[in-house]
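Engineer: Counting from 16, one number per residue, gives the positions in the sequence shown under our numbering. First the structure, then my questions, so here it is.
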Amino acid sequence: TIMNDILNDMDNFRVTFDIFFNESSLFKDNEVDRTLELLKEKGYTYEKDGALWLKTTEFGDDKDRVLIKKDGKYTYFSSDIAYHKNKFLSRNFDKVIDIWGSDHHGYVARVKAALEALNIDSQKLVVLLVQFVNLIQENNKISMSTRKANYIELKELIKEIGTDAARFIFVSKSINSHLDVNISLLKQHSMDNPVYYIQYAHARIMSILEKSECNTVVNENLFELLTQTEEINLIKAMLQFKDYLHDCAKALEPYLITKSLLSIAEKLHQFYNKHKVINENKELSCARVELIKTAAFVLALGLSLIGVEAKNKM
């Protein structure tokens, strides 16, 4: 079935849903009818041209909206109102975050207006509008159209570039920006591939740590030996991770994690290319080992937050 296909795709994409809500249940349980009846009782509906309308203009919408068409069929808007009412009043959500395609931007005002009509604080509904994704293959944009049944499914993309690359790239840009997914680039084992770039930084560190003979108990005075520009830059990039994480949670923008990871990986590669971690100076070697060990920890933590594997070998 289609639902099984969706579940399999989500499983391969490492996404787990706790609850699947069927729109049909809103009609089966008469929630749509009860919701419209409540709006009628509050005096926010009227009949015109054989249809039932909601007075959304009273709550900031640019025009009133149809709830039941003249042929007696419910609009999607009716079940959307019942669905959000179910979340707020039946399941007692404190906050609801909806993720919609950017082409639904005109829908936000009417849903919030309906919530206000139900005496639900519309500020408790946060709508994130996600821009479109462009797939690029060999520098050419792949033309897609759902109406023409011309599209690439998620499972096909995962088969091409892998789950790690797919998960990373989908959170690599702000939701307000169009996303170009360069399939050819994401298949490359090169430093131009951002996923490979970060995973290779972690693998590079793990390879060095295998050769280290430093004690696990660290003398903090050793860190005073880390005075090179590349060492300081790496430390600064790692310290900024906490700020990026805070901003990510506050703004609901996971791309900030990928931005921080790319910065840390860049500083790590720059440091590695210019300095030997394990050298004839044992104290400096151990200080540098602790530096890159910390970098590995932060990289692994950041990757785990976006569901991407931190590779030990590549």
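All C-beta atoms, glycine included, are put in the ideal place defined by N, C-alpha and C. Only a predicted model underlies this, so the values are computations on that prediction, with no experimental measurement involved.
#1: Where do the N-terminal and C-terminal ends of the alpha helix (DSSP H) with TYR215 fall, by residue?
#2: Which first and last residues belong to the alpha helix (DSSP H) in which GLY317 is found?
#3: Tell me the DSSP bridge mates of THR16?
#4: Once the 5 residues before and after GLU281 are set aside, which same chain residues still bring their CB inside 6 Å of it?
#5: Could you give the DSSP three-state label for LYS163: helix, strand or coil?
#6: State the CB to CB distance for the pair SER117 and VAL145, rounded to an integer number of angstroms; the pair is presumed to be in contact (CB under 8 Å).
#7: Who are THR60's beta bridge partners in DSSP?
#8: Between the C-alpha atoms of TRP68 and LEU140, what's the straight-line distance to the nearest angstrom?
#9: How big is the Cα-Cα spacing for ILE247 and ASN134?
#10: Using the Cα positions of ALA218 and ILE151, report the straight-line distance between them to the nearest angstrom.
#11: Run through the DSSP bridge pairs and tell me what ARG80 is partnered with.
#12: At the level of alpha carbons, what is the spacing between LEU320 and ILE184?
#13: Apart from the five residues on each side of it in sequence, which residues of its chain come closer than 8 Å, Cβ to Cβ, to ASN165?
#14: Just curious, the alpha helix (DSSP H) that MET197 is in, first and last residue?
#15: So which of GLU245, THR244, LEU276 has the shortest CA-CA distance to ASP258?
#16: For ASP179, which three-state DSSP category applies?
#17: Quick check on ASP76: buried or exposed, where buried means 16 or more other Cβ atoms within 10 Å of its Cβ?
#18: What are the boundary residues of the beta strand (DSSP E) that ASN294 is part of?
#19: Under 9 Å between the Cβ atoms of TYR98 and PHE42?
#20: Who does VAL233 pair with in a DSSP beta bridge?
#21: Evaluate LEU254 with the Cβ neighbour count: other Cβ atoms within 10 Å of its Cβ, from every protein chain shown; 16 or more gives buried, anything less gives exposed.
Structural biologist: The short version:
#1: 209-226 is the extent of the alpha helix (DSSP H) around TYR215.
#2: Annotation: the continuous alpha helix (DSSP H) that includes GLY317 extends over 297-320.
#3: Answer by DSSP bridge pairing: none, since THR16 is not bridged.
#4: If we look at GLU281 and ignore the five residues flanking it on each side, it has no Cβ neighbours.
#5: LYS163 falls in the coil class under three-state DSSP.
#6: Between VAL145 and SER117 the Cβ distance is about 6 Å, and since that is below 8 Å, they are a contact.
#7: The partner list for THR60 (beta bridge, DSSP) reads LEU69.
#8: Their Cα atoms are separated by approximately 22 Å.
#9: Straight-line Cα distance between these residues: approximately 54 Å.
#10: ALA218 and ILE151 have their C-alpha atoms spaced approximately 28 Å apart.
#11: DSSP, once it has assigned bridges, lists LEU69 as partnering ARG80.
#12: Looking at the backbone, the Cα of LEU320 and that of ILE184 are separated by about 14 Å.
#13: Within the same chain, ASN165 has close Cβ partners SER158, MET159.
#14: Sequence check: residue 197 is Asn here, not Met. Counted as a single uninterrupted DSSP element, the stretch harbouring ASN197 is not any alpha helix (DSSP H) but the beta strand (DSSP E) occupying residues 194-197.
#15: Of the candidates GLU245, THR244, LEU276, the one whose C-alpha sits nearest the C-alpha of ASP258 is LEU276.
#16: Of the three classes helix, strand and coil, the one that applies to ASP179 here is helix, per DSSP.
#17: ASP76 counts as buried, since no fewer than 16 other beta carbons sit within 10 angstroms of its beta carbon.
#18: Element bounds for ASN294: n/a, residue is neither H nor E.
#19: No, Cβ-Cβ distance for TYR98 and PHE42 is not below 9 Å.
#20: As far as DSSP is concerned, VAL233 takes part in no beta bridge.
#21: That one is exposed.
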